[in-house]
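Following my numbering, the numbering of the sequence shown begins with 47 at its first residue and continues without gaps. All residues carry an ideal CB built from backbone N, CA and C; glycine is no exception.
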Amino acid sequence: MAMAPAWRNVFENVAEVQFQHRMIGYAVVAFALWRAWRLGREAEGSGAARRATVVAGLALAQATLGIATLLAGVPMDLALPHQALAFFLLGAAAVDAERCGAEADQAEAM
């Protein structure tokens, strides 16, 4: 909390923002892995399990690329693919969420 007022640290303190970015990334990876594992056990071979595995793989790749980008000093040739992969991860998660919602609606209608 180097800046005053303290709330500015959340948005303008580079170290704080980097820390938040990493923690949110770790949480996303942990959730994606847990969900893929759970659906793999409960609904093995289903579309939801396959989509969850894809999302988990993309999340792991995103985290790995993010760590490599940071360790290399944030060169543009790693930072840009890290941004692009985020786009694909978000897209895969959105498709998965929409299809899971549609599957749940179909199950309720029966």
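Would you list, in sequence order, the uninterrupted alpha helix (DSSP H) runs of no fewer than 4 residues that lie entirely inside the stretch 83-131?
93-117
By the 10 Å Cβ neighbour count, where 16 or more other Cβ atoms means buried, how is valine 120 classified, buried or exposed?
exposed
In or out: valine 101 buried (at least 16 other Cβ within 10 Å) or exposed?
buried
Pairs of beta-carbons, one from the stretch 134-145 and one from the stretch 101-114, closer than 8 Å: are there three or more?
yes
Considering only the beta carbon of each residue, do alanine 118 and valine 75 sit closer than 7 Å?
no
By a C-beta neighbour count over all protein chains shown, 10 Å radius and 16 as the cutoff for buried, is glycine 112 buried or exposed?
buried
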